[in-house]
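Participant:
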Amino acid sequence: MTVDTYRKNLILRRGLLAVFLLALAVLQNTDGFFPQVFGVRALLLIPAVVCISMFERDIAGMFYGLFAGALWDMYSQGGDFNALYLMAAGFICGTLMNTVMRNNIVTAGILSSFFVIVHPIVYWAVHYAFGAPDGAVYMLLRYYLPSIGYTALFIPIMFIIVRGAEKRFSHDE
Amino acid sequence: MIRFFKSTAFKIFAVVAAALIAGSLFAVASRGGSSPLNNVTGFIFGPVSRFSTYVAAQFKDLPISFRSSSALAAEIEALEDEVDSLMNQLVDYEQTKHMNEVYKAHLELKDEHSDFEFSEAAVIGRDADNQNGSFILNKGSLNGISVNDPVIYGEYLVGVVASVSATQCSVNTILNPEVNVSAYEVRTRDMGYTTSTVELARQGLCHMPGLASSTAVTAGGVVCTSGVGGIYPRDLIVGTITDVVDGTVDISASAIIQPGVDFAGLTDVFIITSFDGQNEN
Numbered sequence: 001m002t003v004d005t006y007r008k009n010l011i012l013r014r015g016l017l018a019v020f021l022l023a024l025a026v027l028q029n030t031d032g033f034f035p036q037v038f039g040v041r042a043l044l045l046i047p048a049v050v051c052i053s054m055f056e057r058d059i060a061g062m063f064y065g066l067f068a069g070a071l072w073d074m075y076s077q078g079g080d081f082n083a084l085y086l087m088a089a090g091f092i093c094g095t096l097m098n099t100v101m102r103n104n105i106v107t108a109g110i111l112s113s114f115f116v117i118v119h120p121i122v123y124w125a126v127h128y129a130f131g132a133p134d135g136a137v138y139m140l141l142r143y144y145l146p147s148i149g150y151t152a153l154f155i156p157i158m159f160i161i162v163r164g165a166e167k168r169f170s171h172d173e
Numbered sequence: 001m002i003r004f005f006k007s008t009a010f011k012i013f014a015v016v017a018a019a020l021i022a023g024s025l026f027a028v029a030s031r032g033g034s035s036p037l038n039n040v041t042g043f044i045f046g047p048v049s050r051f052s053t054y055v056a057a058q059f060k061d062l063p064i065s066f067r068s069s070s071a072l073a074a075e076i077e078a079l080e081d082e083v084d085s086l087m088n089q090l091v092d093y094e095q096t097k098h099m100n101e102v103y104k105a106h107l108e109l110k111d112e113h114s115d116f117e118f119s120e121a122a123v124i125g126r127d128a129d130n131q132n133g134s135f136i137l138n139k140g141s142l143n144g145i146s147v148n149d150p151v152i153y154g155e156y157l158v159g160v161v162a163s164v165s166a167t168q169c170s171v172n173t174i175l176n177p178e179v180n181v182s183a184y185e186v187r188t189r190d191m192g193y194t195t196s197t198v199e200l201a202r203q204g205l206c207h208m209p210g211l212a213s214s215t216a217v218t219a220g221g222v223v224c225t226s227g228v229g230g231i232y233p234r235d236l237i238v239g240t241i242t243d244v245v246d247g248t249v250d251i252s253a254s255a256i257i258q259p260g261v262d263f264a265g266l267t268d269v270f271i272i273t274s275f276d277g278q279n280e281n
């Protein structure tokens with residue numbers, strides 16, 4: 001592969017993944033765009049960032065997480081919680097791929113599940129358990145735990161999509 | 001491990017994380033409540049968000065989400081209640097609008113005849129056996145209504161109170177052959193009276209018999225009450241002359257009159273309970 005082809009593939013791949021995250025941010029946070037199950041939403045950005053970071057590794061994964069989290073924070077109330085969280089998730093997953101883990105659908109499932117479980121729990125803890133104890137358990141059981149299960153259904157789909165993009169514009173060709 | 005913390009990737013991560021934490025603290029401290037990253041992202045991608053919300057709103061009726069049947073049932077019940085409320089409001093509005101028109105017409109009459117005292121009444125029934133347009137009103141002697149009180153709609157004469165009970169009264173319209181109204185034609189000043197026949201009443205007409213055969217009364221003329229007899233005040237409109245025919249019994253002429261009121265469509269009328277000259281013979 002020539003340098004030009006490599007650079008072209010790199011730009012196309014990373015641009016495509018950025019657009020993919022933008023589309024997921026819109027789908028996740030706009031009412032009526034993505035099906036809700038009895039009011040429960042899927043947190044699509046989390047498995048997407050994890051899967052992207054597994055292929056793009058630590059630095060790029062970190063910035064993809066930052067980008068996805070910044071888009072998510074646009075729909076939430078101030079602060080950079082999601083940007084910080086997804087940036088950390090992207091960095092950690094990319095670093096793990098560089099050091100101790102292999103990149104496959106099983107490890108994608110494990111890492112995505114971890115970050116998908118932690119995010120709603122932390123959010124619930126900050127906004128309900130410590131912020132508004134009345135009805136906190138109900139909110140956890142009614143919305144946050146079901147959202148973990150709903151999101152988990154999309155982990156394999158995210159991995160397949162990201163892997164497809166990586167293969168199409170691979171830097172190994 | 002130390003190598004990891006000394007790596008470029010970790011240093012970049014630490015710097016960016018510190019910047020994000022600083023931004024979050026800034027968001028807490030500032031009045032706007034948004035971090036610099038929020039502001040930048042919102043500025044760049046805000047149009048995308050607004051566009052997506054607009055598109056989603058266009059397709060909001062598509063049932064893509066699963067909602068519980070109880071939530072939908074509650075929504076349906078709330079919407080039905082709202083529909084009922086709006087229907088009631090619509091009925092109230094139409095009723096108020098109608099009454100406003102009735103009162104407006106009678107206000108003009110009151111301005112012209114300051115001596116009139118009115119009682120507003122609603123039609124509550126019609127005698128199925130009576131073909132002369134007679135009806136029952138919801139006011140009676142307790143409201144000051146008496147027999148022979150004239151009944152009007154706007155400036156038009158409807159009829160006369162025929163019988164009264166405590167809370168209601170019956171009205172004979174001018175189509176009733178038993179009702180005679182002293183009247184005159186406004187242009188020619190021909191005096192006479194209006195009454196009706198069974199045949200004319202069936203057609204919704206009355207007539208003014210006893211006119212001279214050489215009368216100048218013609219179709220289009222307006223017939224009004226003359227006030228003679230003390231039952232009906234002067235200058236209430238009876239109707240418009242549609243034809244002048246020769247009498248069948250004698251050599252007089254008769255003016256056929258189309259009343260100015262649709263008796264079948266009346267729902268609200270006014271009863272004149274007192275006027276200057278009432279009961280003066």
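As given, the protein sequences belong to chains X and Y, one line each in that order. Its first residue numbered 1, the first sequence is counted upward by one per residue in my numbering. Its first residue numbered 1, the second sequence is counted upward by one per residue in my numbering. Just so you know, even glycine gets a beta-carbon here, dropped at the ideal spot from N, CA and C.
(1) Provide the residue(s) that pair with Y:T240 in DSSP beta bridges, ordered along the chain.
(2) With DSSP as the reference, label X:E173 as helix, strand or coil.
(3) From the DSSP output, in three-state form, read off Y:F10 for me.
(4) Spatial neighbours of X:T151 within its chain, please: C-beta separation below 8 Å, excluding the five flanking residues on both sides.
(5) Secondary structure at Y:R189, three-state DSSP: helix, strand or coil?
(6) Taking buried to mean at least 16 other C-beta atoms within 10 Å of its own C-beta, is X:E166 buried or exposed?
(7) So Y:A122 and Y:S141 are in contact, right, with Cβ under 8 Å, and what is the actual spacing, rounded?
(8) Of all the CB atoms in chain Y, is at least one closer than 9 Å to the CB of X:I46?
(9) Hey, is the segment 22-38 of chain X in contact with the segment 100-116 of chain X, meaning 3+ C-beta pairs nearer than 8 Å?
(10) Counting only Cβ pairs nearer than 9 Å, list the residues of chain X close to Y:I21.
(11) What number of angstroms, rounded off, separates the C-alpha of Y:E75 from the C-alpha of Y:R50?
(12) X:H119 bridges to which residues according to DSSP?
(13) Can the beta-carbon of Y:A219 be found less than 9 Å from the beta-carbon of Y:D243?
(14) Run through the DSSP bridge pairs and tell me what Y:R126 is partnered with.
(15) Would you please verify whether the beta carbon of X:M54 is less than 9 Å from any beta carbon of chain Y?
(16) For X:I11 and Y:V15, what's the separation of their Cα atoms in angstroms?
(17) In this structure, how does DSSP classify Y:L207 when only helix, strand and coil are distinguished?
(18) If you drop the 5 nearest sequence neighbours on each side, which residues of the same chain put their C-beta closer than 8 Å to that of Y:T197?
(19) Count the other CB atoms, across all protein chains shown, that sit within 10 Å of the CB of X:V162; report buried if there are 16 or more and exposed otherwise.
(20) What would DSSP say about Y:D246, mapped onto helix, strand or coil?
(21) Look up Y:G159 in the DSSP assignment and give the residues it is bridged to.
(22) Identify the contact partners of X:T151 in chain Y, using a Cβ-Cβ distance below 8 Å as the criterion.
(23) Alpha carbon to alpha carbon, what distance is there between X:G61 and X:V50?
Facilitator: To lay it out plainly:
(1) The sequence position of residue 240 of chain Y within the second sequence is 240, counting from 1. In DSSP, Y:T240 forms a bridge with Y:V222 and Y:Q258.
(2) Taking the first sequence and counting its residues from 1, the one referred to as residue 173 of chain X is at position 173. With a pLDDT of 43 at X:E173, under the threshold of 50, the modelled position of this residue cannot be trusted; read the value that follows with caution. Of the three classes helix, strand and coil, the one that applies to X:E173 here is coil, per DSSP.
(3) Residue mapping note: residue 10 of chain Y aligns to position 10 of the second sequence, counting from 1. Note: Y:F10 maps to helix in three-state DSSP.
(4) As a working note, residue 151 of chain X is residue 151 in the first sequence. The residues are A42, L43, L44, I46, P47 and V116.
(5) Here residue 189 of chain Y refers to the residue found at position 189 when the second sequence is read from its first residue. DSSP places Y:R189 in coil when its eight states are reduced to three.
(6) Counting from one through the first sequence, the residue named residue 166 of chain X turns up at place 166. The residue is buried, with at least 16 neighbouring Cβ atoms inside 10 Å.
(7) The count along the second sequence starts at 1 and reaches residue 122 of chain Y at position 122. The count along the second sequence starts at 1 and reaches residue 141 of chain Y at position 141. At roughly 17 Å, the Cβ-Cβ gap does not stay under 8 Å, so Y:A122 and Y:S141 are not in contact.
(8) The residue given as residue 46 of chain X occupies position 46 in the first sequence. Taking Cβ atoms only, chain Y never reaches closer than 9 Å to X:I46, which makes this a no.
(9) no
(10) Translated into positions along the second sequence, residue 21 of chain Y becomes position 21. Those within 9 Å of Y:I21 in chain X are D80 and L84.
(11) Within the second sequence, residue 75 of chain Y is the residue found at index 75, counting from 1. Within the second sequence, residue 50 of chain Y is the residue found at index 50, counting from 1. C-alpha separation (whole angstroms): 27 Å.
(12) For the purposes of this step, residue 119 of chain X is identified with residue 119 of the first sequence, where counting begins at 1. Bridge partners of X:H119: none, in fact.
(13) The residue given as residue 219 of chain Y occupies position 219 in the second sequence. The residue given as residue 243 of chain Y occupies position 243 in the second sequence. Cβ distance < 9 Å, so Y:A219 and Y:D243 count as in contact.
(14) In the second sequence, counting from the first residue as 1, residue 126 of chain Y sits at position 126. Partner(s): Y:F135.
(15) Taking the first residue of the first sequence as 1, we reach residue 54 of chain X at position 54. It does not; no Cβ of chain Y falls within 9 Å.
(16) Position 11 of the first sequence, counted from the first residue, corresponds to residue 11 of chain X. Position 15 of the second sequence, counted from the first residue, corresponds to residue 15 of chain Y. Their backbone Cα atoms lie some 25 Å apart in a straight line.
(17) In the second sequence, the residue the question calls residue 207 of chain Y occupies position 207. The sequence shown places His at residue 207 of chain Y, not Leu. Residue state, collapsed to three classes: strand.
(18) Counted from its first residue, the second sequence places residue 197 of chain Y at position 197. The answer, listed in chain order, is P177 and H207.
(19) Counting from one through the first sequence, the residue named residue 162 of chain X turns up at place 162. The residue in question, X:V162, is buried, as its Cβ has 16 or more Cβ neighbours within 10 Å.
(20) Position 246 of the second sequence, counted from the start, is the residue given in the question as residue 246 of chain Y. The answer is strand: DSSP assigns Y:D246 an E or B state.
(21) Within the second sequence, residue 159 of chain Y is the residue found at index 159, counting from 1. DSSP, once it has assigned bridges, lists Y:V151 and Y:T173 as partnering Y:G159.
(22) Working through the first sequence from its first residue, we reach residue 151 of chain X at position 151. Going along chain Y, no residue has its Cβ under 8 Å from X:T151, so there is no contact; the nearest lies around 16 Å.
(23) Taking the first residue of the first sequence as position 1, residue 50 of chain X is located at position 50. Taking the first residue of the first sequence as position 1, residue 61 of chain X is located at position 61. Cα-Cα distance, rounded: 8 Å.
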